[in-house]
Amino acid sequence: GRIIQLDNMSRHASVIVETEISVEAVSVGSIVKVKDYDFDEEVEFHIVGSAEADPIRNKISNESPVGKTLIGKKVGDIVEVPVPDGVSKFEILEIKI
């Protein structure tokens, strides 16, 4: 089962070249600094593919609710993300690679 899973991952994998990542809008590979209005603090998220996600290290999947909502957004945008506890609100402060 694991071999099939790894084979499937390698068939659908794509290489992200750091020089091709834009800092104009959030994309996979971006590091995004946001203001979390729920906790009144700044947090950095690294947007990664689902296989690389590690929430403890703030590496969130582009398929997660937060990651999916941030993709394509720009500095200054305020987003609301449905989460199990309700809705979280973030303002994008910075996008870097």
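In my numbering, the protein residues as written are 6 to 102.
Note that beta-carbon positions come from the ideal geometry of N, C-alpha and C, so glycine has one too.
In this text, all values refer to a predicted model and were calculated from it rather than measured experimentally.
Roughly how many angstroms lie between the CA atoms of residue i and residue j, to the nearest whole one?
{"i": "G54", "j": "K73", "result": "11 Å"}
{"i": "K94", "j": "V86", "result": "6 Å"}
{"i": "D12", "j": "E49", "result": "32 Å"}
{"i": "G34", "j": "K40", "result": "19 Å"}
Assuming residue i and residue j make a contact with CB atoms under 8 Å, what is their CB distance in whole Å?
{"i": "S32", "j": "I76", "result": "6 Å"}
{"i": "I102", "j": "V37", "result": "Going by Cβ atoms, the distance from I102 to V37 rounds to 10 Å, so no, they are not a contact pair."}
{"i": "N67", "j": "I52", "result": "5 Å"}
Comparing C-alpha positions only, which one of the options sits nearest to residue i?
{"i": "V92", "options": "I100, L98, E99, I83", "result": "I83"}
{"i": "V80", "options": "D12, E99, I9", "result": "E99"}
{"i": "P89", "options": "Q10, S35, S15, V71", "result": "V71"}
{"i": "I97", "options": "I9, E47, R7, Q10", "result": "E47"}
{"i": "S78", "options": "G6, P60, Q10, A30", "result": "What sits at residue 78 in the sequence shown is Lys, not Ser. Measuring from the Cα of K78, the nearest candidate turns out to be A30."}
According to DSSP, simplified to helix, strand and coil, what is residue i?
{"i": "P105", "result": "The question about residue 105 has no answer, for the chain in this structure spans 6 to 102."}
{"i": "V71", "result": "helix"}
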